[in-house]
Amino acid sequence: MIYRKIFTFSLAAASLAACKSKPAPAAAATDAVQATVVTESTQYDSDDPAIWVNKADSSKSLIIGTDKNSDGALYVYNLEGKIVKKVDGLKRPNNVDIAYGLLLNNEPVDIAVTTERETNKLRIYRLPEMTPVDNGGIEVFTGEAARGPMGISLYTRPADKAIFAIVSRKSGPATGYLWQYQLTDSNGHVTGTLVRKFGTYSGKKEIESVAVDNELGYVYYSDEQTGVRRYHADPAKGDTELALFGAGDFKVDNEGISIYKTTDSTGYILVSDQDVNSFNVYDRAAAKPVLLARVPVSAINSDGSDVLNVNLGPQFPNGIFVAMSTDKTFHFYDWRKIAERITHYK
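Each step along the sequence shown adds one to the number in the working numbering, with nothing skipped, and position 182 is 220.
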C-alpha cells in the first residue's frame, strides 16, 4: 500500500513537472483581428487548412482541415464552419493542400492531398466528394532514415498544367530536405514520381510549412527559427536558393505560410509568428520580401494557414484567410479586416 501511494505520488509529480515545463500558449492580443467564423472542433489536434473553391457556386466552397493524431482525420467544413464530412482512419495527417484539374481517366479532377506521417505516405482525395483516388497512398522519402512527412504544397506548372507535390519532413539532411513528386494518372488512380530533392536546412528545428506561388513559380518554406526560404517551384529551373527572409522577425518559430494575390505578380506573403498569435506580412513582389506589417489574430498558437482572393459571398467578398487555432478549431477571417490592418500598420 505504501509503495502504491509513493508510485502514484511520483506519477502525479512527474505530470505536474511536465505541465510546468511547457507553458500554456499566450492569449490573443486585446487588439487582435477577430474571426468572422470559428469552426466546430476537431476531435484531437487541428493543424492545417486548405481552401477549395466551388467554381459553380463560390458560396459553397469548402475548407479542409487536418486533425493530427494517430486516430486522425480530415475535416471538411462549409463557410459557416459546420462539419459537412469527416474522412477518418488516417495515421497522423499533418498538412493538406489542394490542386485543380488533375487528369484521371482523361477527366479533370480537383484533389486534396494530405501527408500521413505515421505511414510515410501521401493520401489523395477527389473533391468535393472526398473519395480516395490514391490506391492506398503514395510512399514518400523511400529509403531515407528520416521520413515522417509533414508539410505539403501542390504546384501547378502554368505551361503544361503538370501538378507536383512538394513535401517536407520531421527531420532531414542539410541539403535535399524537400522532395518533389509529379502526380499523374495510373488507371484512374494518382501515382507519384520523384523528380528532385532540394532545399537547404539549418538544423535548428524542423521544416513543416510549405507554400507555392503558381503564378510567379516560387516555393516558400519555413526553416523554423531561421527564416523563410524561396526556390523555383519548377524542377527544370534548378535548385539555387533565391531568397532567405524573415530572420529576426519572429519571437521563436516562423510557421504557417500563405500567399494573398492582389494581381498575378503583387500581393502579400503571410507567415505565422506562432508564439505571439500574430502573422507577419511580407511584400510578395520583392526580390527579397520585406516586412510590411504584423497582424495579431484571435487564433491561438497558429502553425497552419491558407488564404484566397476569391469572392466567397457576403461574409468574404474580397476573399478569406483561414488559420488553425490550438483549441481544435479553425478561424475564418474576412480578408477586408486583414487588409485594413496591413494598410494602417505603423
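Glycine residues also receive a C-beta, built at the ideal position from the N, C-alpha and C atoms.
Quantities reported herein were computed from a predicted structural model and do not represent experimental measurements.
Assumed close pair residue i, residue j - CB separation to whole angstroms, cut-off 8 Å
{"i": "A337", "j": "V319", "result": "Not confirmed; about 15 Å, so no contact."}
{"i": "N391", "j": "R155", "result": "Nothing can be reported for residue 391, as the shown portion of the chain is limited to 39 through 384."}
{"i": "V257", "j": "A274", "result": "V257 to A274, Cβ: 13 Å. No contact."}
{"i": "G110", "j": "D86", "result": "Actually they do not touch by this definition, with Cβ atoms about 12 Å apart."}
{"i": "L192", "j": "V151", "result": "6 Å"}
{"i": "A377", "j": "V335", "result": "With a Cβ gap of about 13 Å, A377 and V335 do not count as contacting."}
{"i": "Q220", "j": "T238", "result": "Their Cβ separation, rounded to whole angstroms, is 22 Å, which puts Q220 and T238 out of contact at 8 Å."}
Nearest to residue i (by Cα), restricted to the options the options
{"i": "L165", "options": "A197, Q353, I245 and A88", "result": "A88"}
{"i": "A410", "options": "E78, E145 and T304", "result": "Residue 410 lies beyond the residue range present for the chain, which begins at 39 and ends at 384; the question has no answer from this structure."}
{"i": "G241", "options": "A249, T180 and Q263", "result": "Q263"}
{"i": "G342", "options": "S363, P352 and L350", "result": "S363"}
{"i": "T77", "options": "G127, V114 and V71", "result": "V114"}
{"i": "I297", "options": "Q353, G284, A212 and V345", "result": "V345"}
{"i": "Y215", "options": "D223, Y269 and V171", "result": "Y269"}
{"i": "A137", "options": "A249, P63, A212 and S316", "result": "A249"}
{"i": "Y371", "options": "T80, L117, A94 and S97", "result": "L117"}
{"i": "S79", "options": "Y383, T367 and H382", "result": "T367"}
{"i": "A184", "options": "T157, N143 and L128", "result": "T157"}
{"i": "T245", "options": "T213, N315, K199 and G181", "result": "Note that residue 245 corresponds to Ile in the displayed sequence, not to Thr. The shortest C-alpha separation from I245 is found at T213."}
Residues of its chain near residue i, where Cβ-Cβ distance is below 8 Å and the 5 sequence neighbours each way are ignored
{"i": "I411", "result": "Lying outside 39 to 384, the shown extent of the chain, residue 411 is not represented and no answer is given."}
{"i": "R374", "result": "P355 and N356"}
{"i": "P196", "result": "N252, E253 and G255"}
Neighbourhood of residue i by C-beta, 6 Å cutoff - its chain only, sequence neighbours within 5 removed
{"i": "V205", "result": "V178, P187, I190 and W217"}
{"i": "F288", "result": "D311"}
{"i": "V147", "result": "L140 and R164"}
{"i": "R234", "result": "Q218 and P273"}
{"i": "V91", "result": "S99 and V348"}
{"i": "Y82", "result": "D105 and N107"}
{"i": "L282", "result": "G265 and R267"}
{"i": "G175", "result": "K159 and R161"}
{"i": "S48", "result": "Note on S48: pLDDT 44, under 50, position unreliable in the model; the coordinate value appears next. Excluding sequence neighbours, S48 sits near nothing in its chain."}
{"i": "V290", "result": "D313"}
Residue-chain proximity (residue i, chain C), Cβ-Cβ < 8 Å
{"i": "A203", "result": "The question asks about chain C, but that chain is absent: this structure has only one protein chain."}
Close beta carbons around residue i, own chain, < 7 Å, minus the five adjacent residues each side
{"i": "V125", "result": "A111, L112, Y163 and M168"}
Bridge partners - residue i, DSSP secondary structure assignment
{"i": "D105", "result": "S84 and A111"}
{"i": "S99", "result": "Partner(s): none; S99 has no beta bridge."}
{"i": "S296", "result": "L308"}
{"i": "L141", "result": "P146"}
{"i": "Q220", "result": "F202 and T231"}
{"i": "S79", "result": "Paired residues: none, contrary to the question."}
{"i": "T194", "result": "I201"}
Residue i: CB within 7 Å of a non-hydrogen atom of the ligand HEM
{"i": "L282", "result": "What this structure holds is no ligand at all, so the ligand HEM is not there to describe."}
Fill in: Complete runs of the alpha helix (DSSP H) confined to the segment 144-171 [at least 4 residues]
Those alpha helix (DSSP H) runs which fall completely within the segment 144-171 and span 4+ residues do not exist here.
Discussion item. In chain order, what are the residue ranges of uninterrupted beta strand (DSSP E) at least 3 long that sit wholly in the segment 301-384?
Written reply: Annotation: the segment 301-384 contains the following complete segments of the beta strand (DSSP E) (minimum length 3 residues), in chain order: 305-311, 316-321, 329-334, 343-346, 358-363 and 367-372.
Discussion item. Report the start-end ranges of each beta strand (DSSP E) in the segment 232-263 that is 3 residues or longer and not cut off at the edges.
Written reply: Scanning the segment 232-263 for uninterrupted beta strand (DSSP E) segments of 3 residues or longer gives 245-251 and 256-261, listed from N- to C-terminal end.
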